[in-house]
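Participant: Dumping the structure here so I can ask a few things about it.
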Amino acid sequence: GAGLAAAAVAAAGAYFLYGKRGAQNRKKVRGWMLKAKGEILERLEQVKDLNREKYEEIVDAVIKRYRGVKGLDGREISRLVTELKGYWGNISRARGSAAPKRRPARKRRRTS
302 GAGLAAAAVA
312 AAGAYFLYGK
322 RGAQNRKKVR
332 GWMLKAKGEI
342 LERLEQVKDL
352 NREKYEEIVD
362 AVIKRYRGVK
372 GLDGREISRL
382 VTELKGYWGN
392 ISRARGSAAP
402 KRRPARKRRR
412 TS
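Spelled out as structure tokens, the structure:
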């Protein structure tokens, strides 16, 4: 459940930092952003039944602490929130693929 979701977020973060444009992205990423992402991952690991609402609540709660910090650009914070909330699609797909759903058996046609 949550461990898989955390792994999906970590994978998305790793792609962001080490993918095709990773070098460019690493220059842009600030220390506080990495710390915020780490805090979010820690909270995700504690959640048993993760859904979109809980995920967004966690993101909002962690980011709220950074909004009042002097020297942080509000636009950067907003972009990070948008980026993090955008990961939900990847997380939900990763969670869905971890527990494959069984298809009902197809009825066979009788040939007479």
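The numbers in this note's numbering rise by one with no breaks, and the one at position 101 of the sequence shown is 402. Cβ atoms here follow ideal geometry from the backbone N, Cα and C, with glycine treated the same way.
1) If you check the beta carbons only, do residue 359 and residue 337 fall under 8 Å apart?
2) In terms of residues, what are the limits of the alpha helix (DSSP H) holding residue 258?
3) Starting from the C-beta of residue 333, find all residues in its chain whose C-beta is less than 8 Å away, skip the five residues before and the five after it, and write them out in chain order.
4) Just to confirm my understanding: we take residue 381, look at its own chain, exclude 5 residues before and 5 after, and list those with CB closer than 8 Å. What are they?
5) Looking at the unbroken alpha helix (DSSP H) that takes in residue 351, where does it start and where does it end?
Facilitator: Once the coordinates are examined:
1) The Cβ atoms of residue 359 and residue 337 lie no closer than 8 Å to each other.
2) Since the first and last residues shown for the chain are 302 and 413, residue 258 lies out of range.
3) Excluding positions up to five away in sequence, the list reads 367, 370, 373.
4) Answer for residue 381: 334, 337, 364, listed in chain order.
5) Membership of residue 351 in any alpha helix (DSSP H) is not indicated, and neither H nor E is assigned to it by DSSP.
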